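Data first, discussion second: the structure below is written as structure tokens.
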Amino acid sequence: MSKGRRWVVPLGWLALLLVATFGMGQLEGVFRWIEADSRQVIYARADFVTLLGRHLLVVSVAAVLAILLGVGAAIAATRDWGRDFLPLVSQLASIGQTFPPVAVLALAVPVLGFGTLPIIVALLLYGLLPIVRNTLAGLEGIDPGVMEAARGMGMSGGQILRQVELPLAAPVILAGIRTSVTINIATAAIGATVGASNLGDPIISGIVNGNTAYVVQGALLIGLLAVSVDSLFSRLPLAGSR
Amino acid sequence: MIDLIHVTKRFGDAVAVDDISLSVARGELCVLVGTSGCGKSTTLRMINRLIEHSEGEIHIDDQQIRAFREETLRRRMGYAIQSTGLFPHWTVARNIGLVPRLLKWPKAKVQARVEELMALLGLAMEAFAGKYPHQLSGGQAQRVGVARALAADPDILLMDEPFGALDPITRQSLQDELRELQSRLHKTIVFVTHDMDEALRLADHLVVMHQGRIVQQGRPLALLREPADGFVESLLGGEDRGLKEAALLPVSQRMLPLGPRLLARERIGQHASLREALSVMLWRHAERLTVVDDDDLPVGELSLRRLVGVRSDE
Ligand SMILES: Nc1ncnc2c1ncn2[C@@H]1O[C@H](COP(=O)(O)OP(=O)(O)O)[C@@H](O)[C@H]1O
Ligand SMILES: [Mg+2]
Chain U
1 MSKGRRWVVP LGWLALLLVA TFGMGQLEGV FRWIEADSRQ VIYARADFVT
51 LLGRHLLVVS VAAVLAILLG VGAAIAATRD WGRDFLPLVS QLASIGQTFP
101 PVAVLALAVP VLGFGTLPII VALLLYGLLP IVRNTLAGLE GIDPGVMEAA
151 RGMGMSGGQI LRQVELPLAA PVILAGIRTS VTINIATAAI GATVGASNLG
201 DPIISGIVNG NTAYVVQGAL LIGLLAVSVD SLFSRLPLAG SR
Chain D
1 MIDLIHVTKR FGDAVAVDDI SLSVARGELC VLVGTSGCGK STTLRMINRL
51 IEHSEGEIHI DDQQIRAFRE ETLRRRMGYA IQSTGLFPHW TVARNIGLVP
101 RLLKWPKAKV QARVEELMAL LGLAMEAFAG KYPHQLSGGQ AQRVGVARAL
151 AADPDILLMD EPFGALDPIT RQSLQDELRE LQSRLHKTIV FVTHDMDEAL
201 RLADHLVVMH QGRIVQQGRP LALLREPADG FVESLLGGED RGLKEAALLP
251 VSQRMLPLGP RLLARERIGQ HASLREALSV MLWRHAERLT VVDDDDLPVG
301 ELSLRRLVGV RSDE
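In order, the protein sequence lines correspond to chains U and D. Heads up: the first sequence is residues 1 to 242, going by UniProt numbering. Heads up: the second sequence is residues 1 to 314, going by UniProt numbering.
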């Protein structure tokens, strides 16, 4: 695949996402056919660009925090001084994912109030496991001979981490981040139930008011966003096998 | 140069290395040999502190190794292992330049040193510098591993079965190259192997280990002639010992000056081993060989009686 060609597919999805976001109004005919009974068939409480922006913001903030926390914890648990915490770290990450995000929201709202904060916490916890698990797998999967040579040559712990472990584990770590972010783009929609306005809004509002057209609009944009981001990740230079 | 004084290593309750004392002189190639699990690698790795010894003292140039920072100590010693441990995401040139870069040599000096080492180990610069480890054959990868170990010109080289995974022909040519290299560089080398032929071929000083202890050490010929016990004897090849000894002795040691007799038809070089001479005799059904120098000029003769060590000839 030539350098330019590799970006064709993700850019195509991205273009489709933008067209759908800005041009949803043009599809009024289609949605009127889906939802013939309703007076209004295009979700209008907020424009889709704003909703998309907020959706992306929530997912990005949660992803950055999950990466810092997840990669950091996995690195710490694979150092000599942190080995004792290895089982604990992987267990905590698993619990984070088995705990349903809706339950996290329910628990977080009384403490953090309505709005964006509880959904960020829920996404952070939910997205941690793939990152932690893959970072651990990536670091533990390095050829022991390579690690032995690195130490035997006189590299310090920090040099080994930066120059050997992270570069070699990068493809696996990146795959974990990709899974985490893609899942969370879909999961973020439930944030609409606690007042974090994002692409989940049309869906929730559509369910509440019995307006299928709204649901389709929200779902369509979330789906396109997830596919675009996933496709971008798959084209990152590190994501392929090295 | 390297002194181990009553060194013991325990892993939990298990004793991996049991009260060993060993001195390796500067410029000497010391081979640790023994069956698998007898503590060779542990001994080697205690010298560069990849493993901390439990008891005793280890000295480098009369200084305790614990007086150095671990990284400083290791950068002073080359380390080559069977699996090579080359960094798969780095090119050959970058792999070789690792330790000089750790020591913060200027870029140009690192580059020059990498070129020098690749030439020394017969790796053509244009063909190999930009290659990645997975593109190399086993023998080439091991050459790169040795080049990397030699990169910062350390006095000491630690080698853990570096040729153990190679086919016999590649292994032998790398052994010959190591001897050749050593005759020029005079490093102090500790070399671990379980292959007695390799040990005999390489060693100035041979150390036989068994169950964490040193059972005998000395010059290879001395061990062959007087093994301390049945274990050393069987490790040295039992019935094959005669052939192993013959492989260590050059023809020039047993040949007689040219006599008045006609030259024998079959020839052998004066640097060949007695074992090779014997093989030629067996193969050619010849009792006498003419010994020739590097220019193929006759310099002496070798009879079967002389070869097997019967003193008076005729
Ligand atoms: N890190 C370790 N932890 C526990 N036991 C070890 C460790 N390394 C080596 N051993 C044990 O020490 C003994 C000697 O091992 P080693 O030095 O690797 O043997 P060799 O290199 O001669 O084959 C073996 O019984 C091995 O199981
Ligand atoms: Mg070993």
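Ideal Cβ placement from N, Cα and C applies to all residues, glycine included. This one's a predicted model, so the numbers in the text were calculated from it and none came from an experiment.
_List, from N- to C-terminal side, the alpha helix (DSSP H) runs of 4 residues or more that fit wholly inside the stretch 137-175 of chain U._
Here the runs fully enclosed are 144-152, 157-160.
*Nearest-angstrom beta carbon gap, Arg6(U) and Arg178(U) [assumed within contact, 8 Å]*: Locating residue 178(U) in the first sequence gives position 178, where the first residue counts as 1. Locating residue 6(U) in the first sequence gives position 6, where the first residue counts as 1. Wrong, their Cβ atoms sit about 16 Å apart, outside the cutoff.
*For ligand 2, any of its heavy atoms closer than 6 Å to the Cβ of residue 320(D)?*
Coverage of chain D is limited to positions 1 through 314, which leaves residue 320(D) absent and any answer about it impossible.
*Compare the C-beta of Val92(D) against all C-beta atoms of chain U and say whether one is closer than 7 Å.*
Here residue 92(D) is taken as the residue at index 92 of the second sequence, counted from 1. Not closer than 7 Å to any Cβ of chain U, the Cβ of Val92(D) fails to qualify, so no.
*asked:* Looking only at its chain, what residues have a beta carbon closer than 6 Å to the beta carbon of Asp293(D), apart from the 5 residues adjacent to it on each side?
replied: Here residue 293(D) refers to the residue found at position 293 of the second sequence. For Asp293(D), where only same-chain residues beyond five positions count, the Cβ hits under 6 Å are Gln270, Val299.
*Residue range of the unbroken alpha helix (DSSP H) whose run includes Gln182(D)*: Numbered from its first residue, the second sequence carries residue 182(D) at position 182. It spans 168-185 - the alpha helix (DSSP H) in which Gln182(D) sits, taken as one unbroken run.
*asked:* Which runs of the beta strand (DSSP E) at least 3 residues long sit entirely within the stretch 203-233 of chain D? Give them in chain order.
replied: 205-210, 213-218
*Report all residues from its chain with a CB closer than 7 Å to the CB of Asp313(D); omit the five preceding and five following residues, and keep chain order.*
The residue labelled residue 313(D) in the question sits at position 313 within the second sequence. Caution applies to Asp313(D), whose pLDDT of 47 falls short of 50 and renders its modelled position unreliable; the value that the coordinates give is listed next. The residues are Leu256, Ser303, Arg305, Arg306.
*Excluding five sequence neighbours on each side, which residues of the same chain lie with their C-beta closer than 7 Å to the C-beta of Lys40(D)?*
Numbered from its first residue, the second sequence carries residue 40(D) at position 40. Closer than 7 Å at the Cβ level, and outside the excluded window around Lys40(D), lie Leu32, Gly34, Val192, Met209.
*asked:* Using a strict less-than 5 Å threshold between each residue's beta carbon and the heavy atoms of ligand 4, what residues do you get?
replied: Ligands in the displayed structure: ligand 1 and ligand 2; ligand 4 is not one of them.
*Spatial neighbours of Ala152(D) in its chain, beta-carbon cut-off 7 Å, leaving aside the 5 residues before and after*: The residue you call residue 152(D) lines up with position 152 of the second sequence. Answer for Ala152(D): Arg75, Val99, Pro100, Leu103, listed in chain order.
*If you run the structure through DSSP and keep just helix, strand and coil, what is Ser241(U)?*
As a working mapping, residue 241(U) is identified with position 241 in the first sequence. With a pLDDT of 40 at Ser241(U), under the threshold of 50, the modelled position of that residue is not reliable, and the figure given next carries that caveat. If DSSP states are grouped into helix, strand and coil, Ser241(U) belongs with coil.
*Identity of the residues DSSP links to Lys9(D) by a beta bridge*: For the purposes of this step, residue 9(D) is identified with residue 9 of the second sequence, where counting begins at 1. Answer is Val17(D).
*Leu136(D) versus Gln142(D) - alpha carbon distance*: Taking the first residue of the second sequence as position 1, residue 136(D) is located at position 136. Taking the first residue of the second sequence as position 1, residue 142(D) is located at position 142. About 9 Å.
*Hey, could you find the ends of the beta strand (DSSP E) Phe191(D) is sitting in?*
Translated into the one-based positions of the second sequence, residue 191(D) becomes position 191. Note, Phe191(D): beta strand (DSSP E), 188-193.
*Residue closest to Ala219(U), alpha-carbon to alpha-carbon, out of Asn209(U), Ala189(U), Glu35(U)*: Working through the first sequence from its first residue, we reach residue 219(U) at position 219. Of the candidates Asn209(U), Ala189(U), Glu35(U), the one whose C-alpha sits nearest the C-alpha of Ala219(U) is Ala189(U).
*Between Thr91(D) and Ala127(D), what straight-line distance do the alpha-carbon atoms span, to the nearest angstrom?*
On the second sequence, position 91 is the one that residue 91(D) refers to. On the second sequence, position 127 is the one that residue 127(D) refers to. Pairing Thr91(D) with Ala127(D), the inter-Cα distance amounts to about 12 Å.
*Just the chain D side, please: which residues come within less than 9 Å of Val172(U) by C-beta, in chain order?*
If you number the first sequence from 1, residue 172(U) lands on position 172. Those do not exist, as Val172(U) stays about 13 Å from chain D at its closest Cβ, beyond 9 Å.
_Ala149(U) at chain D interface by Cβ criterion, 7 Å_ = Residue mapping note: residue 149(U) aligns to position 149 of the first sequence, counting from 1. Yes, its Cβ sits closer than 7 Å to a Cβ of chain D.
_Residues in the stretch 101-117 of chain D having any Cβ partner in chain U nearer than 7 Å_ = Residues passing the 7 Å Cβ filter: Leu102.
*Coarse secondary structure for Thr84(D), derived from DSSP in three states*: Start at 1 with the first residue of the second sequence, and residue 84(D) comes out as number 84. The answer is coil: DSSP assigns Thr84(D) none of H, G, I, E or B.
*Would you kindly check if the distance between the Cβ of Gly53(U) and the Cβ of Ile42(U) is under 7 Å?*
Looking up residue 42(U) in the first sequence gives position 42. Looking up residue 53(U) in the first sequence gives position 53. Not a contact, by the Cβ cut-off of 7 Å.
*asked:* Quick check on the DSSP output: the alpha helix (DSSP H) that includes Ser228(U) runs from which residue to which?
replied: In the first sequence, the residue the question calls residue 228(U) occupies position 228. Run containing Ser228(U): 212-235, per the alpha helix (DSSP H) assignment.
*Min CB distance Tyr79(D) to chain U below 7 Å*: To locate residue 79(D), count along the second sequence from 1; it is residue 79. For Tyr79(D), the answer is yes, since a Cβ of chain U falls inside 7 Å of its Cβ.
*asked:* Determine, for Val99(D), whether the minimum Cβ-Cβ distance to residues of chain U falls below 7 Å.
replied: Counting from one through the second sequence, the residue named residue 99(D) turns up at place 99. Yes - at least one Cβ of chain U is within 7 Å of the one on Val99(D).
*In chain order, what residues of the same chain have a beta carbon less than 6 Å from the beta carbon of Gly176(U), not counting five sequence neighbours either side?*
One-based indexing of the first sequence puts residue 176(U) at position 176. Taken in chain order, the residues that qualify are Pro130, Ile131, Asn134.
_Using 7 Å as the threshold, is the C-beta distance between Ala66(U) and Leu124(U) below it?_
Taking the first sequence and counting its residues from 1, the one referred to as residue 66(U) is at position 66. Taking the first sequence and counting its residues from 1, the one referred to as residue 124(U) is at position 124. In contact: Ala66(U) and Leu124(U) (Cβ atoms closer than 7 Å).
*Option in Gly12(D), Ala14(D), Cys30(D), Glu57(D) with minimal Cα separation from Ser21(D)*: To locate residue 21(D), count along the second sequence from 1; it is residue 21. It is Glu57(D).
_Cβ-Cβ separation, Ile173(U) to Gly138(U) (assumed contact under 8 Å), whole Å_ = Within the first sequence, the letter at position 138 stands for residue 138(U). Within the first sequence, the letter at position 173 stands for residue 173(U). Indeed, because the Cβ distance is near 5 Å, the residues count as touching under 8 Å.
_Strictly under 7 Å for the Cβ-Cβ distance: is Ala137(U) near chain D by that measure?_
Counted from its first residue, the first sequence places residue 137(U) at position 137. No, Ala137(U) does not count as interfacial toward chain D.
*Would you list the one or two residues that DSSP bridges to Leu29(D)?*
Here residue 29(D) corresponds to residue number 29 of the second sequence, with the count starting at 1. Its beta-bridge partners are Ile189(D).
*For Pro162(D), which option in Pro154(D), Ala129(D), Ala199(D), His134(D) has the closest C-alpha, if you only look at C-alpha atoms?*
Taking the first residue of the second sequence as position 1, residue 162(D) is located at position 162. Nearest C-alpha to Pro162(D): Ala199(D).
*How is the beta strand (DSSP E) around Phe159(D) delimited, first residue to last?*
Residue mapping note: residue 159(D) aligns to position 159 of the second sequence, counting from 1. The displayed chain sequence assigns Met, not Phe, to residue 159(D). Here the beta strand (DSSP E) through Met159(D) covers 156-160.
_Proximity test, Cβ basis, 7 Å: Met153(U) and chain D_ = Translated into the one-based positions of the first sequence, residue 153(U) becomes position 153. For Met153(U), the answer is yes, since a Cβ of chain D falls inside 7 Å of its Cβ.
*Neighbouring residues, chain U, relative to Phe87(D) (Cβ below 7 Å)*: In the second sequence, the residue the question calls residue 87(D) occupies position 87. Here the neighbours are Val146, Val164.
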